[in-house]
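A.B. asks: One structure coming up, written as structure tokens, with questions to follow.
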Amino acid sequence: MRSVMSALRGKAENICSHRAFPVLDSKQTSIEPKRSRNAKGPIIIHLDTKPRRPYRSLHRVWGCDVTKKTMFSKKSVSNKTTPKKKPTITTPGQMSAGATARRKTGKSAKVRLPKGPIWQWSALETAAAIRSGAISSVEVIDVHIERMHAVNPKLNAVVVDLSEEALKAAKAADKAIARGTEPGLLHGVPITIKENVDYDGRPNPNGVPAQMNIIAPSDAPVVRNLKKAGAIVIGLTNTPEFSFRGFTDNPLHGLTLNPWDPDITCGGSSGGAGAAVAAGIGTIAHGNDIGGSLRWPAHCNGVATIKPTQGRVPAYNQSAAAERPMLSHLMSAQGPLARSVADVRLALEVMSQRDPRDPWWVPAPLIGPKPKGPIKVALAKLPGDMDVDPSVRAALRRSADDLERSGYRVSEVEVPDINGVWQTWCDIITNEVVVMQEASMLAVTSEDFHTAWNGIKAKANTLDLPGWMRATTARNTHIRAWQLFLRIIRSCSPRRR
């Protein structure tokens, strides 16, 4: 398993290091890859073949987007006359930022807008442009819908198209701005939601055809918080059956492809979210994670994410027939995927607002005292039994070098027991599911799911009640070891080159 994952990581690293953004526009070079399983018809994916540096923000180099603030100026321009340019005709998706700004603000306004097409702007940049009046929410949503309709048929990342209600929400957002209403942090900003949390009035099938009759009576807390901040949902993204696999395929919606290369997995279970935001469908994608379902798709698709600490982001599905088991709830987290670290930070702030329906939510501050420099970073020594692709090892070394050149102090250190953590996680999750959910899940899922589930069960130890209680105490031991590890690395010496 590890060798397969390492090979995929190496291949993904090679792809991401040569292309700045996966695009499916007709002007780009076309390649026809091998057909993927469950894919219907020929798959033609057009990729940007220009050699560029790996990205965070789509039009800036690594790290710059975190420290630079988006600026908009509305100072009057000079009285000097300039020759008038001949008008050009463009479609909404091709509309330049400058043209949009001039039309919105008139000749007397000077607006500095982000570079590139509107669908490539970050969430921060998009929100600032709307807030300044340089562009309307309707214009932004129009462009993102156009982008979704252009690329999603080849990817199958978004499985529920919410274009119509998104445009209605965008019009309402523009009216709110016109009335002088104070906009939220994500006012008018397009996002996607993973189709395994409640979205008011819509089915919550979680990749299972038999669950299409489960209609959400309300928005899940994370959806509600995003909407309260002004975000506009343009679609719901794909997930495997019961969100229980490391790639994204199901009998309800089919296979989701990686926008960089269809021969590489988009990951799971938030594979639809990762593929969508990587392809420029929305600025932020919602996902969730109990065993890597945010982190693995982010890696596969070349985007940023964070698995928040449990209790940071509230979670609850009113449509669920029963409460989740305790440890399953404690190890699960809702979180964002985005094309920049700054957007992940912004989305996390919005998602983290209180919702009384989650009794585990904690009002923990997101911002603390500024750490004293130099900031220390741990470079993990890879365990001897882990088969890691050479390109991944090289990427880790390059990342450490880049951090050191930027002023961080990097130390190569031994990490706590990774294998023990994985086995404890596997034992707890598997035994809880066997007791609480297995029978009902197997009754409505595919043979592929049964095969995968039996594979997970084969890796887990069957626990009786005393054994399960010992596993939960072992989890506490692992958490303590990692907390002490994170404290110890503050005093580590710099690595030797």
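Start counting the sequence shown at -4; every next residue gets the next number (this note's numbering).
All C-beta atoms in this analysis are idealised placements derived from N, C-alpha and C, irrespective of residue type, glycine included.
1. By a C-beta neighbour count over all protein chains shown, 10 Å radius and 16 as the cutoff for buried, is Asn191 buried or exposed?
2. Could you tell me the alpha carbon to alpha carbon distance between Arg475 and Val410, rounded to whole angstroms?
3. Within its chain, find whatever has a CB closer than 6 angstroms to the CB of Ala469; leave out the 5 residues flanking it on each side and keep chain order.
4. Taking only the alpha-carbon atoms, compute the straight-line gap between Val154 and Val408 and give it to the nearest angstrom.
5. Leaving aside the five residues before and after His473 along the sequence, list all residues of the same chain whose C-beta is less than 8 angstroms from its C-beta, in chain order.
6. Quick check on DSSP: helix, strand or coil for Asp412?
7. I'd like the list of long-range same chain contacts for Ile483, defined as Cβ closer than 7 angstroms, with 5 residues on each side in sequence excluded.
8. What first and last residue would you give for the beta strand (DSSP E) that runs through Lys223?
9. Assign Ala299 to one of three DSSP states: helix, strand, or coil.
10. Jot down the residue ranges of each uninterrupted beta strand (DSSP E) in the segment 158 to 246, minimum 3 residues, whole runs only, in chain order.
11. Please report how far the alpha carbon of Pro303 lies from the alpha carbon of Asn208, in whole angstroms.
12. State the start and end residues of the unbroken alpha helix (DSSP H) segment that holds Gly267.
13. Could you give the distance in angstroms between the alpha-carbon of Val310 and the alpha-carbon of Met321?
14. Just to confirm my understanding: we take Thr260, look at its own chain, exclude 5 residues before and 5 after, and list those with CB closer than 7 angstroms. What are they?
15. My understanding is that Ser132 touches Ile229, with C-beta atoms under 8 angstroms, so please give their C-beta distance in whole angstroms.
16. Looking only at C-alpha atoms, which of Ser264, Ser265 and Leu250 sits nearest to Asp258?
17. Please state if the CB of Asp422 and the CB of Asn456 are separated by a distance shorter than 8 angstroms.
18. Between Thr234 and Lys189, is the Cβ-Cβ spacing less than 8 angstroms?
19. Please state whether DSSP places Ala476 in a helix, a strand or coil.
20. Of the choices Gly225, Gly266 and Lys223, whose alpha-carbon is the least far from that of Asp244?
21. Mark Ile130 as exposed unless 16 or more other C-beta atoms lie within 10 angstroms of its C-beta, in which case mark it buried.
22. Using a 10 Å radius around the Cβ and a threshold of 16 neighbouring Cβ atoms, would you call Ile362 buried or exposed?
23. Could you check the C-alpha separation between Thr187 and His281 for me, to the nearest Å?
24. I'd like to know if the segment 394 to 407 and the segment 426 to 439 are in contact, where contact means that at least 3 CB-CB pairs between them fall below 8 angstroms.
25. Please report the Cβ distance between Leu247 and Pro200, rounded to the nearest whole angstrom; I am assuming they are in contact, meaning their Cβ atoms lie under 8 angstroms.
26. Here's the rule I'm using: 16 or more other beta-carbon atoms within 10 Å means buried, otherwise exposed. How should His182 be labelled?
27. What is the DSSP secondary structure of Lys29, reduced to helix, strand or coil?
28. Do Val146 and Ala273 have their beta-carbon atoms positioned less than 8 angstroms apart in this structure?
29. Candidates Leu108, Leu157 and Arg307: which alpha carbon is nearest Glu344's?
30. By Cβ distance below 7 angstroms, which residues in the same chain neighbour Thr425 in space, the five residues on each side in sequence not counted?
31. Using three-state DSSP, classify Ser406 as helix, strand or coil.
C.D. replies: So, from the data block:
1. To locate residue 191, count along the sequence shown from 1; it is residue 196. By the neighbour-count rule (16 or more Cβ atoms within 10 Å), Asn191 is buried.
2. As a position in the sequence shown, residue 475 is number 480, starting the count at 1. As a position in the sequence shown, residue 410 is number 415, starting the count at 1. Roughly 13 angstroms separates the two Cα atoms.
3. To locate residue 469, count along the sequence shown from 1; it is residue 474. Thr419.
4. What you label residue 154 is simply residue 159 of the sequence shown in a count that begins at 1. What you label residue 408 is simply residue 413 of the sequence shown in a count that begins at 1. If you take the alpha carbons of Val154 and Val408, they lie about 43 angstroms apart.
5. In the sequence shown, residue 473 corresponds to position 478, counting from 1. Pro411, Asp412, Gly415, Val416 and Thr419.
6. Your numbering for residue 412 matches position 417 in the sequence shown. Residue state, collapsed to three classes: coil.
7. Reading the sequence shown from its first residue, position 488 is the one you call residue 483. In its chain, beyond the 5 residues on either side, no residue has a beta carbon closer than 7 angstroms to the beta carbon of Ile483.
8. Counting from one through the sequence shown, the residue named residue 223 turns up at place 228. Unbroken run through Lys223 is the alpha helix (DSSP H), Pro216 to Lys223; no beta strand (DSSP E).
9. In the sequence shown, counting from the first residue as 1, residue 299 sits at position 304. Note: Ala299 maps to strand in three-state DSSP.
10. The qualifying runs are 185 to 189 and 227 to 232.
11. Within the sequence shown, numbered from 1, the residue matching residue 303 stands at position 308. Within the sequence shown, numbered from 1, the residue matching residue 208 stands at position 213. If you draw a straight line from the Cα of Pro303 to the Cα of Asn208, it comes to about 31 angstroms.
12. Taking the first residue of the sequence shown as position 1, residue 267 is located at position 272. Looking at the DSSP string, the run of the alpha helix (DSSP H) that includes Gly267 is Gly266 to Ala273.
13. Along the sequence shown, one-based indexing puts residue 310 at 315. Along the sequence shown, one-based indexing puts residue 321 at 326. The sequence given here places Ala at residue 310; Val does not occur at that position. Roughly 13 angstroms between the two C-alpha positions.
14. The sequence position of residue 260 within the sequence shown is 265, counting from 1. The answer, listed in chain order, is Leu3, Phe242, Asn253 and Cys295.
15. For this step, residue 132 is matched to residue 137 along the sequence shown. For this step, residue 229 is matched to residue 234 along the sequence shown. Incorrect: roughly 12 angstroms between the Cβ atoms, too far for contact.
16. Taking the sequence shown and counting its residues from 1, the one referred to as residue 258 is at position 263. It is Leu250 whose Cα lies nearest to the Cα of Asp258.
17. Sequence index remark: in the sequence shown, residue 456 carries index 461 (1-based). Sequence index remark: in the sequence shown, residue 422 carries index 427 (1-based). Cβ atoms of Asn456 and Asp422: closer than 8 angstroms.
18. Here residue 234 corresponds to residue number 239 of the sequence shown, with the count starting at 1. Here residue 189 corresponds to residue number 194 of the sequence shown, with the count starting at 1. Yes, Cβ-Cβ distance for Thr234 and Lys189 is below 8 angstroms.
19. Here residue 476 corresponds to residue number 481 of the sequence shown, with the count starting at 1. Three-state DSSP puts Ala476 in a helix.
20. For the purposes of this step, residue 244 is taken as residue 249 along the sequence shown, with counting starting at 1. That would be Gly266, whose Cα lies nearest to the Cα of Asp244.
21. As a first step, residue 130 is located in the sequence shown; it is residue number 135 there, counting from the start. Counting the other Cβ atoms within 10 Å of the Cβ of Ile130 gives 16 or more, which makes it buried.
22. In the sequence shown, the residue the question calls residue 362 occupies position 367. Around the beta carbon of Ile362, fewer than 16 other beta carbons lie within 10 angstroms, which makes this residue exposed.
23. The residue you call residue 187 lines up with position 192 of the sequence shown. The residue you call residue 281 lines up with position 286 of the sequence shown. Approximately 6 angstroms between the Cα atoms of the pair.
24. The segment 394 to 407 is not in contact with the segment 426 to 439.
25. Sequence index remark: in the sequence shown, residue 247 carries index 252 (1-based). Sequence index remark: in the sequence shown, residue 200 carries index 205 (1-based). Between Pro200 and Leu247 the Cβ distance is about 6 angstroms, and since that is below 8 angstroms, they are a contact.
26. As a working mapping, residue 182 is identified with position 187 in the sequence shown. When all chains shown are included, His182 counts as buried.
27. Here residue 29 refers to the residue found at position 34 of the sequence shown. Confidence is the limiting factor: at Lys29 the pLDDT is only 34, short of 50, which leaves the residue's position unreliable, though a coordinate-based value still follows. Three-state result, Lys29: coil.
28. Translated into positions along the sequence shown, residue 273 becomes position 278. Translated into positions along the sequence shown, residue 146 becomes position 151. Taking 8 angstroms as the Cβ cut-off, Ala273 and Val146 do not qualify as a contacting pair.
29. In the sequence shown, the residue the question calls residue 344 occupies position 349. Minimum Cα-Cα distance from Glu344 among the listed residues Leu108, Leu157 and Arg307 corresponds to Arg307.
30. Position 430 of the sequence shown, counted from the start, is the residue given in the question as residue 425. Excluding five sequence positions before and after Thr425, the CB atoms of its chain that fall closer than 7 angstroms to its own CB belong to Ile451, Lys452 and Ala455, given in chain order.
31. On the sequence shown, position 411 is the one that residue 406 refers to. Judged by DSSP in its simplified three-state form, Ser406 adopts strand.
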